[in-house]
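*Asks:* Take this structure, written in structure tokens, and hold onto it; I'll ask about it next.
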Amino acid sequence: MICGICGKEEMVEVVEPYHYTECGLSNIVLEGIRVRKCACCGNTMPMIPALSGLHHAIARDVIKKQGNLEPSEIVFLRKFLGWSGVDFARNMHSTSSQVSKWESGKVRMSTPTELLLREMVARGKKIDDCHSYDINHEETTVMHRRFQHLREGWKSAA
Ligand SMILES: [Zn+2]
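Reminder that position 4 of the sequence shown reads as 3 in numbering that gives the first Met the number 0, one-by-one numbering, no gaps.
Structure, rendered in structure tokens:
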């Protein structure tokens, strides 16, 4: 394979640990990755399999860490959830300017907010409608909440 950057060299493939800075975190190393390298311009091209599975694994690791989330980890988790800064603000019942303060490290996320973020990621799916929960809303009519016992356990039948 000819280098896509300089077009001069045949790229050489090696198997080695790859420092995956593209994910936005500074401390992620992938073991045993096939990396194509150009001896001429230094262009490197990692062949990373199952990227979305990898991002799940990284996200699971980040939310289990001890201590506060780093700003870069907050950015990673937001992107993992598929949210823009605006989506993130809405889903966390916050503001865009607050989000940018968390993500730049100007302000530390409060513990309840951080736990909420970790919980959202732990549920392993994008949750589009958290912002639609009106926590101050008092229901005037009684809504039945239905649950169904299925083979895999109790499920809300909604
Ligand atoms: Zn090259």
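Just so it is clear, CB atoms sit at the ideal spot from N, CA and C, and this is done for glycine as well.
What does a CB cutoff of less than 6 Å around Ser131 pick up in its chain, not counting 5 residues either side in sequence?
*Replies:* Low local confidence applies: a pLDDT of 48 at Ser131 is under 50, so the model's placement there is unreliable, with the coordinate-based value given in what follows. Nothing listed; no residue qualifies.
*Asks:* Apart from the five residues on each side of it in sequence, which residues of its chain come closer than 6 Å, Cβ to Cβ, to Ser155?
*Replies:* Excluding sequence neighbours, Ser155 sits near Phe146.
*Asks:* Quick one, which of Ser99, Phe75 and Ala58 has its alpha-carbon nearest Ala121's?
*Replies:* The shortest C-alpha separation from Ala121 is found at Ala58.
*Asks:* Which of the three DSSP states is assigned to Gly152 in this structure?
*Replies:* Of the three classes helix, strand and coil, the one that applies to Gly152 here is strand, per DSSP.
*Asks:* Let me know if Met0 comes out buried or exposed under the rule of 16 or more other beta-carbons within 10 Å of its beta-carbon.
*Replies:* That one is exposed.
*Asks:* Cβ of Ile158 within 6 Å of any heavy atom in ligand 1?
*Replies:* Past the boundaries of the shown model lies residue 158; the chain is included only from 0 to 157, so the question cannot be answered.
*Asks:* Assess contact between the stretch 46-60 and the stretch 96-111, defined as three or more Cβ pairs (one per stretch) separated by less than 8 Å. Is contact present?
*Replies:* In short, these stretches do not touch, since the Cβ pair count stays below three.
*Asks:* Assign Leu80 to buried or exposed, taking buried as 16 or more other Cβ atoms, counted over all protein chains shown, within 10 Å of its Cβ.
*Replies:* It counts as buried.
*Asks:* Between which two residues does the beta strand (DSSP E) containing Arg33 stretch?
*Replies:* Here the beta strand (DSSP E) through Arg33 covers Val28 to Lys36.
*Asks:* Might you give, ordered along the chain, the residues of its own chain that have their beta carbon closer than 6 Å to the beta carbon of Val106, omitting 5 neighbours on each side?
*Replies:* Cβ neighbours of Val106 beyond the five flanking positions: Lys100.
*Asks:* Is Glu8 near ligand 3 - that is, is its Cβ less than 6 Å away from at least one heavy atom of it?
*Replies:* As for ligand 3, it is missing from this structure, which binds only ligand 1.
*Asks:* Which of the three DSSP states, helix, strand or coil, is assigned to Met46?
*Replies:* Strand, per DSSP.
*Asks:* With a CB to CB cut of under 8 Å and the five nearest residues on each side skipped, what residues in its chain are close to Arg150?
*Replies:* Nothing meets the Cβ criterion.
*Asks:* Quick one: is Leu116 buried, meaning 16 or more other Cβ sit within 10 Å of its Cβ, or exposed?
*Replies:* Buried is the call here.
*Asks:* Could you pull out every residue in the same chain whose Cβ sits closer than 7 Å to the Cβ of His18, ignoring the five residues on either side in sequence?
*Replies:* If we look at His18 and ignore the five residues flanking it on each side, its Cβ neighbours are Val28.
*Asks:* Does the distance from the CB of Ile73 to the CB of Asn42 come in under 7 Å?
*Replies:* No; because the gap between Cβ atoms is not below 7 Å, this pair is not in contact.
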